[in-house]
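Below is one structure, written out as structure tokens; comments come after it.
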Amino acid sequence: MSQIKEIKVVLLGDSGVGKSSLLYRFVENDFFEKGQPTLGAAFQSKTILIDGKALKFQIWDTAGQEKYKAILPLYYRDAKVALLVYDVNDQQSFEGVKEWFKQLQEQGPLDQIRAIIGNKCDLEQKVEDDLGKELGRQWNAIFFKTSCKDNLGVQETFLQIGERVFKEQLAEEHRKSNSENANSTLKIGSQQVSNKQKQDKGQCC
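Listed below in structure tokens is the structure:
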């Protein structure tokens, strides 16, 4: 296996939107009907292959209860990816995603990849997809719909996130390479000018 790239992912959203189920479905490919609310934060990891390259997701599932919100910046401040989850049957949870975006703008990394996830799409939908897509356009975030129970969209979500990570990494490598080449050209050019000045000086007296 090639060298493994590791990235930190944080799950954010109101209590009961299915963050823990999303994590469990991705890591274990299974579903539990009822679970206990997350206390503070829980951690799991999973490595996947994308075009032959290994990517290890280090995923933090954060609590949605109000009493834990003060400590959550500890988890998302240095996260490469933030997944903001809402329940498509709960308008209030969608409003909560808007508040999370505001917090990330103030305290999250500038280069953070963000995605909006409309979860529980196997049930009656009360929040229209267009609202999630529009919010994604406003905050430059990817929009996904998932059902942990029916195993819809979960693996695809993380796969697309991984592809986005490698795409940005490749773009950054190209940028650095171009910058190094430009600096090298400047140095060579400066040396040529300096040598010419020395030659001119030698001929003047």
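Letter by letter, the sequence shown follows residues 1 to 205 of full-length UniProt numbering. We put the CB at the ideal spot given by N, CA and C, even for glycine.
- Annotation for Val-9: the continuous beta strand (DSSP E) segment containing it runs 5-12.
- For Gln-44, the enclosing beta strand (DSSP E) has its first and last residue at 41-50.
- Excluding five sequence positions before and after Gln-160, the CB atoms of its chain that fall closer than 8 Å to its own CB belong to Ile-142 and Phe-144, given in chain order.
- In the three-state reduction of the DSSP assignment, Phe-158 falls in the helix class.
- Annotated as distal: Ile-116 and Gln-58, with beta-carbon spacing of 8 Å or more.
- A distance below 8 Å separates the beta carbons of Phe-31 and Cys-148.
- Judged by their CB atoms, Asn-89 and Leu-123 are nearer to each other than the 8 Å cut-off.
- If only uninterrupted beta strand (DSSP E) runs of at least 3 residues are considered, those enclosed by the segment 122-173 are 142-145.
- Val-85 sits in a strand when the DSSP states are folded into three classes.
- Remark: C-beta atoms of Tyr-76 and Val-127 do not approach each other more closely than 8 Å.
- The beta-bridge partner set that DSSP reports for Leu-55 consists of Lys-5 and Ile-48.
- Under the three-state reduction of DSSP output, Asn-178 falls in the helix class.
- Cβ atoms of Leu-131 and Ala-82 stay farther apart than 8 Å, at about 19 Å.
- Less than 8 Å divides the Cβ of Val-165 from the Cβ of Lys-80.
- Closest in alpha carbon position to Gln-107, among Ile-48, Ile-71, Ala-63 and Leu-55, is Ile-71.
- Cys-121 has its alpha-carbon roughly 20 Å from the corresponding atom of Val-27.
- According to the DSSP assignment, Arg-114 belongs to the beta strand (DSSP E) that extends over 113-119.
- About 11 Å separates the beta carbon of Leu-23 from that of Asn-119, a gap too long to meet the 8 Å contact definition.
- With contacts defined by Cβ atoms closer than 8 Å, Leu-135 and Arg-114 do not form a contacting pair.
- At least 8 Å separates the beta-carbon of Lys-69 from that of Ile-4.
- Taking Val-9 as reference, the option from Leu-74, Trp-139 and Ile-50 with the minimal CA-CA separation is Leu-74.
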